[in-house]
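Student: Residue numbers (this note's numbering): 223 to 695.
If you scroll down you'll find the structure; I have some questions about it.
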């Protein structure tokens, strides 16, 4: 009996232990289920959060793309209206299109040595057009449009206001730098003539300003172009102040809406853009005032001026605030390049509104600029230039004589070629454009400008001692 009682007791103990173990197992299982539920919920929350973030990113990307497309459409509309308007104006320089290089294209060129580029074309471009390429390093080359692509396997003889891939041929065999500007707008080929100021690089970049303003590389190229630009603006000359060929000039200002009592100096990339605003003033009250960036930087950061604005009445206006101007002027590269640059303000004789005999009207007399004229050295570059000039002169009955000198101006870096051509004034632009197209590809990084023989004061004296390259018999 005792044995039976012990066995029963042992069985009771075992059942008790088994019951406790089962309870522990059930508790552990419950805890595991709870942990798994927590992990699953956390994973679900993380997935939901990731999905929400992905949705937000997609919406943000969609918003950015939509804004870019809207900006592109606005730019195309603005440029189209502007180019259509300017091409119909009797004073137009005949420009048809601008295209900023976004980068090289993946398409293979038909010509082995040709290059392919793509970008938005503002205005009308034709297959066969001779075009000027304005690079970010401020050099200019000429090329020819060999092909126009509007899409995969879609070719066109002409295209207007759309994204394009174009094939170019010419002396240049290297890829065109990003943010170069392709256009048929003729370069500034003549010095000291406000009518010839065109700023194609600035104008071409400005059409893309709303699309690329946040791009640091684009902004750097644009600022560099602005610093090296030449501008025109409105000014009033006080006739009563004229003495010894000089007098007081008042530069027009417009209100800066972002600064209390602030004033901006409105400047224009060319005379045509300025003429669009001229209706706001009485013509007899204003004159044309050419300004370099150093001159503009001086006057647009003094008194109440808070900077300047380029083309305030379109096609695209760009405001340059005083703090950015001052930052630029503090840069060592700027100081080195523009050390000694003329910051006085002058008005050329013969400009609209300037009385005869007034050579300059200054707000603070301009510094005298030393000009040095040199005989070109017999380099391969000069020999090629001389040959191109001679060939073009022989084919053009309007040219009576022509020669080339080297010109160096104090305060400006390097030297450039000055081509002096004796031709009638009424064919000056046409003649100089043909010469530029023939000669510019041969000048490397050197600039070349053109002047009519009868406007160059030293021409007779110089060519009495140095032989002309061409003289009509």
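Heads up, the beta-carbon is just placed ideally off N, CA and C, and yes, glycines get one too.
Here the structure is a predicted model, which means the values were calculated and not measured.
1) On the DSSP bridge assignment, give the partners of residue 382 in chain order.
2) Decide if residue 345 is buried, meaning its Cβ has at least 16 other Cβ atoms within 10 Å, or exposed.
3) In terms of alpha-carbon separation, which member of 337, 472, 453 and 623 lies closest to residue 423?
4) Run through DSSP, which three-state label would residue 285 get?
5) Who pairs with residue 513 in a beta bridge, going by DSSP?
6) Just to confirm my understanding: we take residue 385, look at its own chain, exclude 5 residues before and 5 after, and list those with CB closer than 6 Å. What are they?
7) Once DSSP output is grouped into helix, strand and coil, what is the label at residue 641?
8) For residue 408 and residue 338, which I take to be in contact (beta-carbon distance under 8 Å), what is that distance rounded to the nearest angstrom?
9) Chain B beta carbons: is any one of them nearer than 8 Å to that of residue 675?
10) On the three-pair Cβ rule with 8 Å, is the region 682 to 692 touching the region 655 to 667?
11) Mapping the DSSP letters down to three states, classify residue 691 as helix, strand or coil.
12) Do residue 364 and residue 659 count as a contact pair if the criterion is CB distance below 8 Å?
13) Please classify residue 696: does DSSP put it in a helix, a strand, or coil?
14) Do residue 368 and residue 333 come within 8 Å of each other at the CB atom, strictly closer than that value?
15) If you check the beta carbons only, do residue 487 and residue 455 fall under 8 Å apart?
16) Is it true that the CB of residue 623 sits closer than 8 Å to the CB of residue 675?
17) Here's the rule: buried if 16 or more other CB atoms are within 10 angstroms of the residue's CB, otherwise exposed. What is residue 545?
18) Thinking C-alpha only, which one of 449, 435, 529 and 509 is nearest residue 478?
19) Would you please state the rounded distance, in angstroms, between the beta carbons of residue 372 and residue 538? I believe it to be under 8 Å.
20) Which same chain residues, not among the five before or five after residue 389, have their C-beta less than 6 Å away from its C-beta?
21) According to the neighbour-count rule (16 or more other Cβ atoms, all chains shown, within 10 Å of its Cβ), is residue 457 buried or exposed?
22) Comparing C-alpha positions only, which one of 362, 320 and 395 sits nearest to residue 381?
23) Per DSSP, what kind of secondary structure is residue 538 in: helix, strand or coil?
24) Please go through the same chain and pick out, in chain order, the residues whose beta-carbon is closer than 6 Å to the beta-carbon of residue 627, but skip the five residues on each side of it.
25) Grab me the residues of residue 694's own chain with a C-beta within less than 6 Å of its C-beta, minus the 5 sequence neighbours each way, in chain order.
26) Going by DSSP, what residue range makes up the beta strand (DSSP E) through residue 365?
27) Determine the extent of the beta strand (DSSP E) in which residue 669 is found, giving its start and end residues.
28) Going by CA-CA distance only, name the one from 318, 540, 517 and 350 that's closest to residue 435.
29) Within the same chain, show all residues whose beta-carbon is closer than 7 Å to that of residue 352, passing over the 5 residues directly before and after it, in chain order.
30) Let me check one thing: in DSSP terms, what residues is residue 623 bridge-paired to?
31) Thinking C-alpha only, which one of 552, 263 and 318 is nearest residue 302?
32) Check whether the Cβ atoms of residue 698 and residue 473 lie closer than 8 Å to each other.
33) Classify residue 333 as helix, strand or coil using the three-state DSSP reduction.
34) Starting from residue 680, follow the alpha helix (DSSP H) in both directions and report where the run begins and ends.
35) Based on DSSP bridge pairs, tell me the residues matched to residue 527.
36) If I'm right that residue 489 touches residue 513 with Cβ under 8 Å, what's the distance once you round it to whole angstroms?
Tutor: From the atom records:
1) 346
2) buried
3) 453
4) helix
5) 453
6) 342
7) strand
8) Residue 408 to residue 338, Cβ: 25 Å. No contact.
9) This model lacks chain B altogether; it includes just one protein chain.
10) no
11) coil
12) yes
13) Residue 696 lies beyond the stretch modelled for the chain, which goes from 223 to 695, so this question has no answer here.
14) yes
15) yes
16) yes
17) exposed
18) 529
19) Not quite, the Cβ-Cβ distance comes to about 24 Å (not below 8 Å), so this is no contact.
20) 331, 336, 338, 368 and 369
21) buried
22) 320
23) coil
24) 595 and 640
25) 622
26) 362 to 373
27) 669 to 674
28) 540
29) 364, 366 and 659
30) 644 and 693
31) 318
32) Nothing in the structure corresponds to residue 698, since the chain is present only between 223 and 695.
33) coil
34) No alpha helix (DSSP H) holds residue 680; DSSP gives it neither H nor E.
35) 485
36) 6 Å
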